[in-house]
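To start, the structure under review is shown below, and the notes come after it.
Numbering (this note's numbering), first residue to last: 1103 to 1383.
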């Protein structure tokens, strides 16, 4: 478990970025961290693997106080995938990019390369094994960045804006990958502004940050159906929430759900089993 306990943080001579922040990430959980620009999300992420140290309070990762352990030690437990992946690449091709970290774990050259190719296949990147990272598209670079960190097999992964540069198909594949990691027992913290995708993710909980404070924490339905909370973080409700509100105003008694399939099935039942046609409601 990762425990953030009343953490405050500020940069040198700057204003407070995080103010009395507390939260937990349990083993195997998928957690969404959301908030407006400048709310402290990325700073919080960097506190979780020791890249930054709390000014007060503490962060405890599997019993290890991050103030007392090195970044190298913590990064083996908490993998961080930055928002701008191009800043981390240096290898001559995608396979070597993934294999580099594996060699640092003690794998031999052949074993590291074989494992790197296996990871690239898992992320749909095997055809780019010999391609320089900087020749990939933005979405492909993001997936390579995630693959490189995943290959190190950390217990916790932090994905900072993972949907940037991804098309709809790739975003769906990303959800599958995240829940594949969850099935392996890994916890995944996802930082995103993509409310629509976030509402479809099926996270265990959502944490909202505003001006350096945690203002809400709960299951996705409780957060995404709260217009006031979302507005306070400059977040627009997902379409499913607006659809629910629209249907309710029209007299349709439908379940409060972020799942379009559930809403569509409920509408069809209300209409006597007929299909829902555009303009019928």
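C-beta: ideal position from N, C-alpha, C; glycine also.
Quick caveat: nothing in here was measured; it's all calculated off a predicted structure.
The DSSP assignment places complete alpha helix (DSSP H) segments of no fewer than 4 residues inside the region 1142-1184 at 1143-1150, 1173-1177, in order along the chain. By the CB criterion at 8 Å, residue 1248 and residue 1225 fall inside the cutoff.
Cβ neighbours of residue 1365 within its own chain (closer than 8 Å, five residues either side excluded): 1342, 1345, 1346, 1349, 1356, 1357, 1359.
In its chain, beyond the 5 residues on either side, 1199, 1235, 1236 have a beta carbon closer than 7 Å to the beta carbon of residue 1191. Contact annotation, residue 1276 with residue 1264: C-beta distance approximately 6 Å; criterion of less than 8 Å satisfied. The count of Cβ pairs closer than 8 Å, one atom from the region 1122-1129 and one from the region 1302-1316, reaches three, so the stretches are in contact. According to the DSSP assignment, residue 1121 belongs to the beta strand (DSSP E) that extends over 1118-1127.
As summarised for the region 1253-1332, the continuous beta strand (DSSP E) elements at least 3 residues long and confined to that stretch are 1258-1262, 1289-1293, 1307-1312, 1315-1320, given in chain order. Excluding the 5 residues flanking it on each side, residue 1173 has same chain C-beta neighbours closer than 8 Å at 1151, 1152, 1153, in chain order.
The three-state secondary structure of residue 1223, taken from DSSP, is helix. By the 16-neighbour rule on beta-carbons within 10 angstroms, residue 1330 is exposed.
Annotated three-state conformation of residue 1239 is coil, per DSSP.
The beta carbon of residue 1166 lies closer than 8 Å to those of 1175, 1176, 1179 in the same chain, with the five residues before and after it left out. When Cβ pairs closer than 8 Å are counted between the two stretches, the region 1284-1303 is seen to touch the region 1129-1146, the count reaching three or more. Taking the C-beta atoms as reference points, residue 1181 is found nearer than 8 Å to residue 1260. Here residue 1146 is buried, its C-beta having at least 16 other C-beta atoms within 10 Å. In the DSSP assignment, residue 1137 falls within the unbroken beta strand (DSSP E) covering 1132-1137.
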